[in-house]
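K.L.:
In the numbering used here, the protein residues as written are 321 to 602. By construction, the Cβ of each residue, glycine as well, lies at the ideal position given by its N, Cα and C atoms. Quantities reported herein were computed from a predicted structural model and do not represent experimental measurements. Structure incoming, see below.
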């Protein structure tokens, strides 16, 4: 049962967001890490994200039954009662907020709560109705690195803004790639993601444009003096490689394979971003 509750928090999402929060924290601290502040920030944010994911599972429980990849989730199968899930989500959220309030600062707590609100209320309640939900979700996805950054410096400056833009723009082709290789699931659940509403070709065009936009704040992070040349060289090469893979996809007739390739490479991109921020700070 403990494992069931743990899976309800979507640990993969928690881990991914913790990685970007780590990148923001290291960038702001210039690698001079306060271990207690780091631990409190990561734990508080992770608990709040876990809470958001449980609430999302609650909201999505009916459409989860229609999708192959989600039909075995605890709330979709009724393994955990709805009341217990809500209590669990509230407990996680309150504990996460408490940690952030006690050990970070008010700005960090407010930013984290903003991300929580956008994901649980705006994104979760709109994903069944509009293809624009993906863009809303990307906003909440761009919050964790800002939380990590602001926990250190207690201000929202250009560094925080660039981190937000980088990760928010990265989210879009990442989400589109998932929607492409999981297209049958989204069709079955009548979720109006872009490939369902506008088709694969238009989705590829959007992916290309977002990757091009992503490269701008990636470069600006070095131009504004936050990172070194090694970061720019590595991220420039990775970003261009991602762009070329996307361009190649216009000739690819196996769209599910292309979607999976783009998804996997997007993971490489975000991991390398955080690694290069950590080792190439100006």
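(1) Measure from the alpha carbon of residue 438 to the alpha carbon of each residue in 344, 567, 461, then state which is nearest.
(2) For residue 390, name the three-state secondary structure that DSSP assigns.
(3) Given residue 538, which residues of its chain have a CB within under 7 Å of its CB, disregarding the five upstream and five downstream residues?
(4) Where does residue 361 sit, in a helix, a strand or coil, going by DSSP?
(5) For residue 340, which beta-bridge partners are listed by DSSP?
(6) To which residues of the same chain is residue 442 closer than 7 Å at the C-beta, ignoring the five residues directly before and after it?
(7) Evaluate residue 573 with the Cβ neighbour count: other Cβ atoms within 10 Å of its Cβ, from every protein chain shown; 16 or more gives buried, anything less gives exposed.
(8) Return yes when the Cβ of residue 465 is within less than 8 Å of the Cβ of residue 341, no when it is not.
(9) Can you give me the C-alpha to C-alpha distance between residue 482 and residue 591, rounded to a whole angstrom?
(10) How big is the Cα-Cα spacing for residue 452 and residue 499?
(11) When we look at the beta-carbon of residue 513 and count the other beta-carbons within 10 Å, is it buried (16 or more) or exposed?
(12) Alpha carbon to alpha carbon, how far is residue 449 from residue 531?
(13) For residue 471 and residue 425, which I take to be in contact (beta-carbon distance under 8 Å), what is that distance rounded to the nearest angstrom?
(14) The ligand ADP and residue 405: does the residue's C-beta get closer than 7 Å to at least one heavy atom of that ligand?
(15) My understanding is that residue 344 touches residue 435, with C-beta atoms under 8 Å, so please give their C-beta distance in whole angstroms.
(16) Residue 369 and residue 322 - do their beta-carbons sit closer together than 8 Å?
(17) Where are the alpha helix (DSSP H) runs, 4 residues long or more, that stay fully inside the region 443-495, in chain order?
(18) Per DSSP, what kind of secondary structure is residue 428 in: helix, strand or coil?
(19) Closer than 6 Å by C-beta to residue 515: which residues in its own chain qualify, once you throw out the five before and the five after it? Chain order, please.
(20) Under the rule that 16 or more other beta-carbon atoms within 10 Å means buried, what is residue 384, buried or exposed?
(21) Smallest Cα separation from residue 488: which of 447, 535, 446, 507?
(22) Return the first residue and the last residue of the alpha helix (DSSP H) that residue 354 is part of.
(23) Which two residues bound the contiguous alpha helix (DSSP H) that contains residue 277?
(24) Could you tell me which of 596, 594, 363, 328 sits nearest to residue 423, measuring between CA atoms?
(25) Buried or exposed: residue 429, going by 16 or more other Cβ atoms within 10 Å of its Cβ?
(26) Could you name the residues that DSSP lists as bridge partners for residue 601?
(27) Considering only their Cβ atoms, is the gap separating residue 600 from residue 346 smaller than 8 Å?
(28) With distances taken from CA atoms, which of 357, 562, 421 is nearest residue 588?
(29) Examine the Cβ distances between the region 365-381 and the region 397-413 and report whether three or more of them are shorter than 8 Å.
P.N.:
Taking the definition as stated:
(1) Of the candidates 344, 567, 461, the one whose C-alpha sits nearest the C-alpha of residue 438 is 461.
(2) Of the three classes helix, strand and coil, the one that applies to residue 390 here is coil, per DSSP.
(3) Excluding residues within five positions, the ones whose Cβ falls inside 7 Å are 486, 555, 559.
(4) Note: residue 361 maps to helix in three-state DSSP.
(5) None, per the DSSP bridge assignment.
(6) Hits under 7 Å: 456.
(7) It counts as exposed.
(8) Yes, they are a contact pair.
(9) When the Cα atoms are used, residue 482 and residue 591 turn out to be separated by approximately 17 Å.
(10) Their backbone Cα atoms lie some 13 Å apart in a straight line.
(11) With 16 or more Cβ atoms within 10 Å of its Cβ, residue 513 is classed as buried.
(12) In a straight line, the C-alpha of residue 449 is about 26 Å away from that of residue 531.
(13) Right, their Cβ atoms sit about 7 Å apart.
(14) The ligand ADP is not part of the structure shown, which contains no ligands of any sort.
(15) About 12 Å separates the beta carbon of residue 344 from that of residue 435, a gap too long to meet the 8 Å contact definition.
(16) The criterion of a C-beta distance shorter than 8 Å is not satisfied by residue 322 and residue 369.
(17) Counting only runs of 4 or more residues that sit fully inside the region 443-495, the alpha helix (DSSP H) segments are 453-461, 463-473, in chain order.
(18) Three-state DSSP puts residue 428 in a helix.
(19) Correct list, in chain order: 499, 500, 503, 523.
(20) Buried, because 16 or more other Cβ atoms sit within 10 Å of the Cβ of residue 384.
(21) Check the Cα spacing between residue 488 and each of 447, 535, 446, 507: the tightest is with 535.
(22) It is not in any alpha helix (DSSP H) - residue 354 carries neither H nor E in the DSSP assignment.
(23) The chain is shown from 321 up to 602; residue 277 falls before or after that span and cannot be answered.
(24) Here the closest residue by C-alpha is 363.
(25) Here residue 429 is buried. Its C-beta has 16 or more other C-beta atoms within 10 Å.
(26) DSSP, once it has assigned bridges, lists 547 as partnering residue 601.
(27) The beta carbons of residue 346 and residue 600 sit no closer together than 8 Å.
(28) Per the Cα distances, 562.
(29) With three or more CB-CB distances shorter than 8 Å, the region 365-381 counts as touching the region 397-413.
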